[in-house]
Amino acid sequence: MRSLNYVQRVSLDFTGTLFPHAICLGDADNDSLNELVVGDTSGKLLVYKNDDSKPWITRTCVGMLTCVAVGDVCNKGKNFVVAVGAEGWFHLFDLTAATASKADSTSQHEALSFEDQRPFFTQHIPANTKVILISDIDGDGRCELVVGYTDRVVRAFRWEEPSDGSDLGSGQLVQLKKWLLEGQVDSLSVNPGPEGLPELMVSQPGCGYAILLCSWTQQDSSGSGEEGLATTGSEGPSRDVVLHLTTGRIHNKNVSTHLIGSISKGSKEESSKCGLFALCTLDGTLKLMDSSEQLLWSVQVDHQLFALQKLDVTGDGREEVVACAWDGQTYIIDHNRTVVRFQFDENVNAFCAGQYTCKEGKNSPCLVYVSFSHKIYIYWKVGLERMESTNLLRVLEEKPEFRSHLKVLGVGEKLIWFR
């Protein structure tokens with residue numbers, strides 16, 4: 031296991047406190063360049079852009095924000111910013127127009143009126159939210175909103191609008207289904223199943239996971255208004271839960287577990303088959319599996335892992351598994367179980383990884399750490415030429431012109447003998 035030393039980073043000002051799932055990377059303003067979205071416990075939603083240390087946009091929400099996400103939750107062909115609070119308030123923001131208004135503004139951080147800072151849509155859903163996911167979970171081509179709760183419940187919602195409603199504000203979230211799990215929910219993800227169809231996965235304690243079956247019909251989502259949220263016929267706990275316990279050494283069956291699915295294999299042909307997903311536990315277990323339940327590798331480390339992400343750091347289309355511990359130790363593992371590690375120099379409050387536009391005007395792989403010292407650090411140059419260890423001779427031998435130069439110099443055989 032080799033160690034890395036990333037040095038290219040920017041520091042962002044952040045004076046609040048946040049929950050682990052109240053941070054994400056995504057294209058918040060639909061300009062094809064990713065931003066960093068953060069929600070704090072005072073109800074402020076902050077959007078950071080490029081390498082500016084101050085928030086590009088600040089919005090006000092109701093209650094403590096526990097989770098944020100960026101995605102096409104309304105199925106309009108563009109991204110929205112979603113912020114959900116512990117008290118159950120769902121906030122929807124459309125920041126597309128903000129890009130134009132900021133470009134016309136003389137100040138990057140121009141003060142907005144109270145009305146400008148408010149979300150264009152709010153709705154109350156069941157409280158005690160913990161984690162959210164925006165994805166197509168049933169294979170119909172439309173995105174759903176999946177919410178995990180602190181009481182071991184998962185709910186799926188879909189954005190519905192009246193047939194005569196042209197205004198986006200006339201729509202609302204309609205509950206599709208409710209699942210009751212045996213253990214705490216720490217992560218939600220979607221992974222291609224053995225037949226290529228999406229499967230909704232949720233982590234379970236003890237390095238386990240469950241697949242939640244999406245068995246609703248079109249009639250389930252035909253309700254509207256407040257009545258629609260309550261009369262979908264799915265308020266009673268559903269048992270459409272398939273629990274899976276991974277094999278191997280588990281020190282504590284109740285240890286918290288995180289998962290991430292749809293890990294790219296780097297080939298469209300391969301990616302259409304069984305999807306890859308990874309699990310990590312607080313006691314240091316890391317596993318990579320496919321949707322047929324085949325274990326590809328398992329790694330045990332001596333750090334408490336609390337966050338799991340995926341990121342293509344080599345640029346070959348294959349996404350590596352990225353796990354972060356509370357003390358800043360970060361592991362990057364490829365599909366062949368090659369491990370590299372990076373030590374962030376502070377304790378970590380929250381962590382995420384993904385594509386972000388920092389200094390070069392384009393998205394690049396980044397690692398994002400939220401410290402306990404009112405700072406967010408973005409390491410924006412984390413790309414690697416290769417994951418495995420190597421030496422100069424091996425690198426040169428991969429170049430076709432290397433041996434021809436050796437023959438000209440008459441040292442080819444001597445160099446092979448030296449090896």
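Each residue of the sequence shown is one higher than the one before, counting from 31 in my numbering.
Glycine residues also receive a C-beta, built at the ideal position from the N, C-alpha and C atoms.
Just so you know, these numbers come straight off a predicted model, no measurement behind them.
Look up residue 92 in the DSSP assignment and say whether it is helix, strand or coil.
-> Here residue 92 corresponds to residue number 62 of the sequence shown, with the count starting at 1. The answer is coil: DSSP assigns residue 92 none of H, G, I, E or B.
Quick one: what does DSSP say residue 121 is sitting in, helix, strand or coil?
-> Taking the sequence shown and counting its residues from 1, the one referred to as residue 121 is at position 91. Residue 121 carries a strand assignment under DSSP once its states are collapsed to helix, strand and coil.
Which word fits residue 262, buried or exposed, when buried means at least 16 other C-beta atoms lie within 10 angstroms of its C-beta?
-> Along the sequence shown, read from residue 1 onward, the residue named residue 262 stands at position 232. Residue confidence is low: residue 262 scores 46 on pLDDT, short of 50, so the model does not pin down where it sits. Its coordinate-derived value is still stated next. Using a 10 angstroms sphere on the CB of residue 262, the tally of other CB atoms reaches 16 or more, which defines it as buried.
As assigned by DSSP and simplified to three states, the class of residue 22 | Outside the displayed range of the chain (31 to 449) lies residue 22, so it cannot be described from this structure.
Reduced DSSP category for residue 211 - H, G, I as helix; E, B as strand; rest coil = Within the sequence shown, residue 211 is the residue found at index 181, counting from 1. Correct three-state label for residue 211: coil.
For the putative contact between residue 217 and residue 161, defined by C-beta atoms under 8 Å, what is the C-beta separation to the nearest angstrom?
-> Working through the sequence shown from its first residue, we reach residue 217 at position 187. Working through the sequence shown from its first residue, we reach residue 161 at position 131. Rounded to the nearest angstrom, the Cβ distance from residue 217 to residue 161 is 7 Å, consistent with a contact under 8 Å.
Quick one: give me the first and last residue of the beta strand (DSSP E) that residue 330 is part of.
-> If you number the sequence shown from 1, residue 330 lands on position 300. Segment 325-330, the beta strand (DSSP E) holding residue 330.
Report the rounded CA-to-CA distance for residue 255 versus residue 234, giving the unit in angstroms.
-> Along the sequence shown, read from residue 1 onward, the residue named residue 255 stands at position 225. Along the sequence shown, read from residue 1 onward, the residue named residue 234 stands at position 204. Only weak support exists for where residue 255 lies, its pLDDT of 38 falling under 50; the value from the coordinates is given anyway. Straight-line Cα distance between these residues: approximately 33 Å.
CB-CB under 7 Å to residue 283, same chain, minus the five flanking residues each way: which ones, in chain order?
-> Within the sequence shown, the letter at position 253 stands for residue 283. Sequence-distant Cβ neighbours of residue 283 in its own chain, meaning closer than 7 Å and more than five residues away, are 235 and 236.
Cut-off 7 Å between Cβ atoms - residues of its own chain near residue 458, not counting five sequence neighbours on either side | Residue 458 lies beyond the range of the chain shown here (31 to 449); nothing can be said about it.
How about the region 45-58 and the region 91-105: do they share at least three Cβ pairs that are nearer than 8 Å?
-> Under the 8 Å Cβ criterion, the region 45-58 counts as touching the region 91-105, having at least three qualifying pairs.
May I ask which residues mark the beginning and end of the beta strand (DSSP E) holding residue 464?
-> One cannot answer for residue 464 here, as it falls past the ends of the chain, which runs 31 to 449.
Pull up the distance between the alpha-carbon of residue 356 and that of residue 317, whole angstroms please.
-> As a first step, residue 356 must be located in the sequence shown, where it is residue number 326. As a first step, residue 317 must be located in the sequence shown, where it is residue number 287. Using only the alpha carbons, I get a separation of about 19 Å.
Could you please give the first and the last residue of the uninterrupted beta strand (DSSP E) stretch that includes residue 43?
-> To locate residue 43, count along the sequence shown from 1; it is residue 13. For residue 43, the enclosing beta strand (DSSP E) begins and ends at 39-43.
In angstroms with no decimal places, state the Cα-to-Cα distance between residue 336 and residue 434.
-> The residue given as residue 336 occupies position 306 in the sequence shown. The residue given as residue 434 occupies position 404 in the sequence shown. The alpha-carbon of residue 336 is positioned some 51 Å away from that of residue 434.
Under the assumption that residue 33 contacts residue 371 (Cβ atoms under 8 Å), give the Cβ distance between them as a whole number of angstroms.
-> Position 3 of the sequence shown holds residue 33. Position 341 of the sequence shown holds residue 371. Sure, about 6 Å apart at Cβ, within 8 Å.
Output the distance between the C-alpha atoms of residue 374 and residue 200, rounded to the nearest integer angstrom.
-> Stepping through the sequence shown from its first residue, residue 374 is reached at position 344. Stepping through the sequence shown from its first residue, residue 200 is reached at position 170. Taking the straight line from one Cα to the other gives about 46 Å.
In or out: residue 324 buried (at least 16 other Cβ within 10 Å) or exposed?
-> Taking the first residue of the sequence shown as position 1, residue 324 is located at position 294. Counting every other CB atom within 10 Å of its CB across the protein chains shown gives residue 324 a total below 16, marking it as exposed.
Beta strand (DSSP E) containing residue 65: first to last residue?
-> Along the sequence shown, one-based indexing puts residue 65 at 35. Looking at the DSSP string, the run of the beta strand (DSSP E) that includes residue 65 is 65-69.
Can you list, in chain order, the stretches of the beta strand (DSSP E) that have 3 or more residues and sit fully within the region 309-383?
-> Listed in chain order, the complete beta strand (DSSP E) runs (minimum 3 residues) inside the region 309-383 are 315-320, 325-330, 335-341, 350-355, 359-363 and 369-373.
Three-state secondary structure assigned by DSSP to residue 108 | The residue given as residue 108 occupies position 78 in the sequence shown. Residue 108 sits in coil when the DSSP states are folded into three classes, being neither helix nor strand.
Neighbourhood of residue 163 by C-beta distance below 6 Å, restricted to the same chain and skipping five residues each side = Here the question's residue 163 lines up with position 133 in the sequence shown. Excluding residues within five positions, the ones whose Cβ falls inside 6 Å are 176 and 218.
Are residue 351 and residue 293 closer than 8 Å when you measure CB to CB?
-> Position 321 of the sequence shown, counting from 1, holds the residue named residue 351. Position 263 of the sequence shown, counting from 1, holds the residue named residue 293. Contact: yes.
Near residue 188, which residues of its chain fall below 6 Å by C-beta distance, leaving aside the five closest residues on each side in sequence?
-> What you label residue 188 is simply residue 158 of the sequence shown in a count that begins at 1. Cβ contact annotation for residue 188 (same chain, cutoff 6 Å, sequence separation greater than five): 174, 204, 206 and 251, in chain order.
Residue 401 and residue 376 look like a contact to me (Cβ under 8 Å); what is the Cβ gap, rounded to whole Å?
-> Position 371 of the sequence shown holds residue 401. Position 346 of the sequence shown holds residue 376. Their Cβ separation, rounded to whole angstroms, is 4 Å, which keeps residue 401 and residue 376 in contact under 8 Å.
First through last residue of the beta strand (DSSP E) which encompasses residue 48 | Taking the first residue of the sequence shown as position 1, residue 48 is located at position 18. Careful: residue 48 lies outside any beta strand (DSSP E) and carries neither H nor E.
Whole-angstrom distance between residue 305 and residue 109, CA atom to CA atom = Here residue 109 refers to the residue found at position 79 of the sequence shown. Here residue 305 refers to the residue found at position 275 of the sequence shown. Rounded to whole angstroms, residue 109 and residue 305 show a C-alpha spacing of 25 Å.
For residue 144, collect the residues of the same chain with a Cβ closer than 7 Å to its Cβ; drop the 5 residues on either side in sequence, then sort them by chain order.
-> Along the sequence shown, one-based indexing puts residue 144 at 114. Unreliable placement is indicated for residue 144, whose pLDDT of 44 sits below 50; no coordinate value is reported for it.
DSSP puts residue 155 in a beta bridge; with which residues?
-> Indexing the sequence shown from 1 puts residue 155 at position 125. Beta-bridge analysis with DSSP links residue 155 to no other residue.
Going by the CB atoms, is the gap between residue 289 and residue 275 shorter than 8 Å?
-> In the sequence shown, residue 275 corresponds to position 245, counting from 1. In the sequence shown, residue 289 corresponds to position 259, counting from 1. For residue 275 and residue 289, no; Cβs fall outside 8 Å.
Rounded C-alpha distance that separates residue 286 from residue 79 | Taking the sequence shown and counting its residues from 1, the one referred to as residue 286 is at position 256. Taking the sequence shown and counting its residues from 1, the one referred to as residue 79 is at position 49. Spanning the two alpha carbons is a distance of roughly 33 Å.
Could you give the residue range of the beta strand (DSSP E) that holds residue 174?
-> Taking the first residue of the sequence shown as 1, we reach residue 174 at position 144. DSSP places residue 174 inside the beta strand (DSSP E), whose first and last residues are 174-179.
Identify whether residue 128 lies in helix, strand or coil by the three-state DSSP scheme.
-> The residue labelled residue 128 in the question sits at position 98 within the sequence shown. Three-state result, residue 128: helix.
So, are the CB atoms of residue 93 and residue 73 less than 8 Å apart?
-> If you number the sequence shown from 1, residue 93 lands on position 63. If you number the sequence shown from 1, residue 73 lands on position 43. Cβ distance < 8 Å, so residue 93 and residue 73 count as in contact.
Beta-carbon gap between residue 398 and residue 66 smaller than 8 Å = Looking up residue 398 in the sequence shown gives position 368. Looking up residue 66 in the sequence shown gives position 36. Yes, Cβ-Cβ distance for residue 398 and residue 66 is below 8 Å.
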